[in-house]
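In our numbering, the protein residues as written are 1 to 677.
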């Protein structure tokens with residue numbers, strides 16, 4: 001039955017032309033659009049809810065009438081958890097600028113890259129929320145993922161569907177596959193209502209709208225998410241791995257046509273001076289907005305130039321975030337406590353009289369190192385001026401000397417490690433003081449926590465308190481010891497029980513199957529972060545090949561460089577690290593990509609270009625793409641003579657026809673599964 005016939009039958013059952021107009025097909029949803037996209041409702045909230053209840057009742061009586069984009073399908077039940085979601089195009093962060101001179105420096109870099117070609121900028125608000133990637137197939141919303149680490153997030157589709165400014169079905173014409181990126185947020189007015197309700201029920205309130213939005217999206221009960229009225233402003237569109245329009249400005253126009261709630265505060269600027277004018281204007285109107293912003297995002301308008309400018313390992317070269325001046329506050333410094341990190345670095349932390357700053361209570365701030373303490377001439381008991389640098393990281397700016405009353409105490413940087421009492425070292429020319437003891441409990445704990453962290457081996461339950469106990473009892477001396485733990489040892493610990501121990505053992509067992517990239521990152525090789533771990537995993541495909549690589553081989557890899565190459569080589573030359581790797585392998589930890597790094601598997605994918613079309617029964621598009629890329633292949637959104645394989649599922653469309661016309665090899669899902677396995 002066609003969607004229009006379904007709604008016509010529903011109208012007859014209802015006997016109301018008004019209800020028909022309200023829920024008339026996936027093309028209109030008139031009142032939903034008026035209320036959420038255009039902010040011009042023609043009926044009250046109460047009338048809206050009454051009509052929705054009528055529709056629920058009618059659909060319950062006529063289940064064959066329910067369509068994917070029915071308003072009743074926005075709110076599901078309670079979820080058991082969220083599945084990981086691999087972003088086909090990484091959700092990169094932006095470089096920040098904190099003054100006009102840095103903004104002009106960004107413009108100078110863009111001018112050099114453009115090499116005399118004229119271009120424009122688009123300036124848009126930097127919403128203080130959290131990024132979401134919305135995936136549509138054949139116009140229907142099929143996935144909604146958080147940013148996560150930029151490469152892998154969580155699919156929170158059940159919660160995303162409750163956001164009424166996100167269309168469940170796109171209007172008009174659209175690509176077969178399209179990804180919409182945007183910023184989810186809570187309006188200030190909604191945030192105040194949520195906190196008021198929590199307070200009335202003697203529940204903990206949220207510190208700020210961003211925390212509330214983030215906490216809401218992590219809820220397992222979609223009905224709670226729906227009640228909190230999250231919103232979203234979209235800012236980008238991708239089809240496959242490509243931008244969909246010649247200019248960024250056209251993206252906003254297309255998004256509005258498709259039914260999205262597009263932020264009206266944006267400007268097309270012919271040069272950086274117009275960008276600066278827009279930034280200054282928005283700063284004066286910042287407090288009038290019903291949502292939090294922390295700056296303006298500036299982007300080169302031409303998507304061709306964006307592609308040409310490219311990106312660093314962390315951020316695109318064609319965009320920058322101009323951050324407004326950080327908020328500041330004064331408070332008293334009660335103590336200085338030195339923390340020891342996993343590299344042995346001693347970091348002094350200022351313990352402050354708690355103070356409200358930018359919507360959150362600040363009680364600690366980093367003092368960075370011994371030289372910074374001397375530069376500030378800081379004493380325990382001083383009044384200090386603090387700020388959130390970039391409105392994120394609290395730091396001490398200066399002391400307020402006029403408030404000294406003589407009770408302040410001098411602070412002396414420790415000469416011995418505060419944890420293991422080893423004599424600390426500070427190499428010539430370096431600002432950082434380190435504990436040299438490899439067995440220092442603080443270093444051991446920090447390395448284990450890093451290994452078990454979400455971005456590494458993701459062992460839930462292995463947190464600070466439990467790691468402290470396990471290290472204290474000498475059950476954990478390195479990360480390999482994690483896999484030698486027994487359930488009885490954990491259950492016997494204070495505040496642990498049989499169920500907690502069982503759950504932790506299950507998490508440890510599951511971590512053995514994490515990707516090679518996560519393992520390399522979790523090993524905590526100096527200078528090797530997530531990006532380099534991914535490059536090394538993709539290049540070598542097994543820990544054995546990586547451990548046997550020479551400095552020259554490592555240095556030859558694009559993006560790696562000599563510093564990283566030497567660090568990786570030195571790590572694997574260390575006998576203790578060699579023993580650690582062997583213990584991890586013996587415990588069953590996965591140390592290869594795909595569990596098989598043999599030549600025949602590598603040859604099937606390595607350097608090959610794949611195009612996915614149609615519906616696959618056993619894989620989502622993203623899962624299939626991840627399997628291809630994990631094995632050295634690449635996924636393209638369009639078929640060309642350079643395409644090696646087209647993987648065709650059910651209802652394959654024009655891509656299949658083009659593959660036939662070009663003579664490109666076409667394989668079905670079963671053949672693809674054989675290649676993968």
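Cβ coordinates follow ideal geometry from the N, Cα and C atoms, glycine included.
Since this is a predicted model, take the numbers as computed values, not measurements.
Among the bridge pairs identified by DSSP, residue 636 is matched with 611. Membership of residue 158 in any beta strand (DSSP E) is not indicated; the residue belongs instead to the alpha helix (DSSP H) covering 157 to 160. DSSP places residue 177 outside any alpha helix (DSSP H); the residue lies instead in the beta strand (DSSP E), whose first and last residues are 177 to 185. Beta-bridge partners of residue 487 (DSSP): none assigned. Straight-line spacing of the CA atoms in residue 344 and residue 491 works out to 31 angstroms. Less than 8 angstroms divides the Cβ of residue 381 from the Cβ of residue 333. Scanning its chain for C-beta atoms nearer than 8 angstroms, with the 5 sequence neighbours on each side dropped, one finds around residue 424 the residues 346, 414, 415, 416, 417, 433, 434, 435, 436, in chain order. Considering only 105, 313, 348, the residue with the shortest C-alpha distance to residue 532 is 313. Taking one beta carbon from each stretch, the stretch 233 to 244 and the stretch 155 to 164 have fewer than 3 pairs nearer than 8 angstroms; the two do not touch. Contact check for residue 467 against residue 449 passes: the beta carbons are separated by less than 8 angstroms.
Annotation for residue 306: the continuous alpha helix (DSSP H) segment containing it runs 303 to 309. Residue 279 is not a Cβ neighbour of residue 121, given a cutoff of 8 angstroms. Assignment of residue 532 by DSSP, reduced to helix, strand and coil, places it in the helix class. The DSSP assignment places complete alpha helix (DSSP H) segments of no fewer than 4 residues inside the stretch 348 to 424 at 370 to 376, in order along the chain. Put simply, of 480, 94, 217 the residue whose alpha carbon is nearest the alpha carbon of residue 578 is 480.
Following the DSSP letters along the chain, one finds residue 137 in no alpha helix (DSSP H) but inside the beta strand (DSSP E) bounded by residues 130 to 137.
Counting C-beta pairs with one atom in each stretch, the stretch 222 to 231 and the stretch 239 to 253 have fewer than three that are closer than 8 angstroms, which means they do not touch. Rounded to the nearest whole angstrom, the C-alpha separation of residue 420 and residue 353 is 29 angstroms. For residue 319, the secondary structure class from DSSP, reduced to helix, strand or coil, is strand. For residue 631, the three-state secondary structure derived from DSSP is coil. The DSSP-derived three-state label of residue 295 is strand. By the neighbour-count criterion, in which a residue is buried when 16 or more other Cβ atoms sit within 10 angstroms of its Cβ, residue 431 is exposed. For residue 150, there is no enclosing alpha helix (DSSP H), since its DSSP letter is neither H nor E.
At least 8 angstroms separates the beta-carbon of residue 196 from that of residue 129. Residue pairing of residue 266 in beta bridges, as defined by DSSP: 124.
Shown here, residue 96 sits in a strand according to DSSP, grouped into three states. Contact check for residue 376 against residue 328 fails: the beta carbons are separated by 8 angstroms or more. Linking residue 625 to residue 295 through their CA atoms gives a straight-line distance of about 35 angstroms. Under DSSP, residue 667 forms a beta bridge with 647.
8 angstroms or more divides the Cβ of residue 234 from the Cβ of residue 190.
Residue 412 and residue 520 have their alpha carbons spaced roughly 38 angstroms apart.
Within the stretch 547 to 581, complete alpha helix (DSSP H) segments of at least 4 residues are found at 551 to 555, 561 to 573, given in chain order. By a beta-carbon distance limit of 8 angstroms, residue 526 contacts residue 567. Their separation comes to about 5 angstroms.
Spatial neighbours of residue 592 in its own chain (CB-CB distance under 7 angstroms, excluding positions within 5 residues in sequence) are listed in chain order as 516, 541, 542. The shortest C-alpha to C-alpha distance from residue 350 to any of 657, 364, 486 is the one to 364. About 6 angstroms separates the Cβ atoms of residue 131 and residue 91, confirming a contact at the 8 angstroms cut-off.
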